[in-house]
Amino acid sequence: MRLALDEAALALVHEDVPIGCVIVGANGQELVRAHNAREQNSDPTAHAELLAIRAAAAKLETWRLEGATLYVTLEPCAMCAGAIVLSRLTRLVYGAADPKAGAAGSLYDIVRDDRLNHRVARTAGVLASECGELIREFFRGKRAEMPPI
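Below you can see the structure in the form of structure tokens.
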């Protein structure tokens with residue numbers, strides 16, 4: 001998770017929400033890292049998880065990421081949780097919960113939904129306070145930049 005936090009900080013360079021992701025292969029070796037790039041790419045789908053899943057699939061030359069673990073600093077949204085299931089990742093580890101948009105236990109639990117054809121083992125709350133503080137600090141800064149109404 002510390003590597004994912006380091007990666008999250010890179011999103012700040014292009015003023016994006018600091019969320020970082022690392023995927024580790026079945027052999028325990030790091031496959032890829034990614035951070036949010038929505039602002040940089042002008043792409044609403046450029047979430048850290050999706051970028052990492054795409055890069056891991058390209059690196060392994062398969063869309064099936066069985067045996068791999070995805071580490072991310074914030075609980076995945078519905079889009080990312082769906083991609084985690086569809087890519088057949090074995091395990092998800094996340095830092096801070098997202099009570100407003102989380103789809104791995106907070107609002108929804110897409111990654112463990114018995115109605116889907118694949119379920120993902122989930123570990124929540126790893127370095128949660130550090131992960132959450134990075135995001136809270138980012139939004140405090142954004143609010144401070146806003147002109148008074």
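Under the numbering used here, the first residue of the sequence shown carries the number 1, and numbering increases by one thereafter. For glycine and all other residues, C-beta sits at the position ideal for the given N, C-alpha and C.
Leaving aside the five residues before and after residue i along the sequence, list all residues of the same chain whose C-beta is less than 7 Å from its C-beta, in chain order.
| i | result |
| --- | --- |
| Gly82 | Ile110 |
Leaving out five residues on either side along the sequence, give the residues of the same chain with a beta carbon under 6 Å from the beta carbon of residue i.
| i | result |
| --- | --- |
| Tyr162 | Since the displayed the chain opens at 1 and closes at 149, residue 162 lies outside it and no answer follows. |
| His46 | The residue you asked about is not His; residue 46 is Ala in the sequence shown. The residues are Ala37, Arg38. |
| Ile19 | Ala8, Asn36, Ala48, Thr73, Leu74 |
| Gln40 | His14 |
Using the C-alpha atoms, what's the distance from residue j back to residue i?
| i | j | result |
| --- | --- | --- |
| Glu49 | Asp43 | 14 Å |
| Asn27 | Leu51 | 21 Å |
| Phe138 | Met79 | 22 Å |
| Ser129 | Ile135 | 10 Å |
| Gly102 | Ala8 | 18 Å |
| Ala124 | Tyr108 | 14 Å |
Do residue j and residue i come within 8 Å of each other at the CB atom, strictly closer than that value?
| i | j | result |
| --- | --- | --- |
| Val24 | Ala55 | no |
| Glu66 | Arg88 | yes |
| Gly95 | Thr73 | yes |
Between the options, which lies nearest to residue i when the distance is taken from Cα to Cα?
| i | options | result |
| --- | --- | --- |
| Lys100 | Gly28, Lys142, His118, Cys77 | Cys77 |
| Ala34 | Asn41, Glu75, Ala11 | Ala11 |
| Glu30 | Ile53, Asp113, Met146 | Ile53 |
| Thr62 | Glu15, Val126, Gln40, Leu86 | Leu86 |
| Ile84 | Glu133, Asp113, Asp98, Val17 | Asp113 |
| Gly105 | Val126, Asn117, Arg122 | Arg122 |
State the DSSP-derived secondary structure class of residue i, mapped to helix, strand or coil.
| i | result |
| --- | --- |
| Leu89 | coil |
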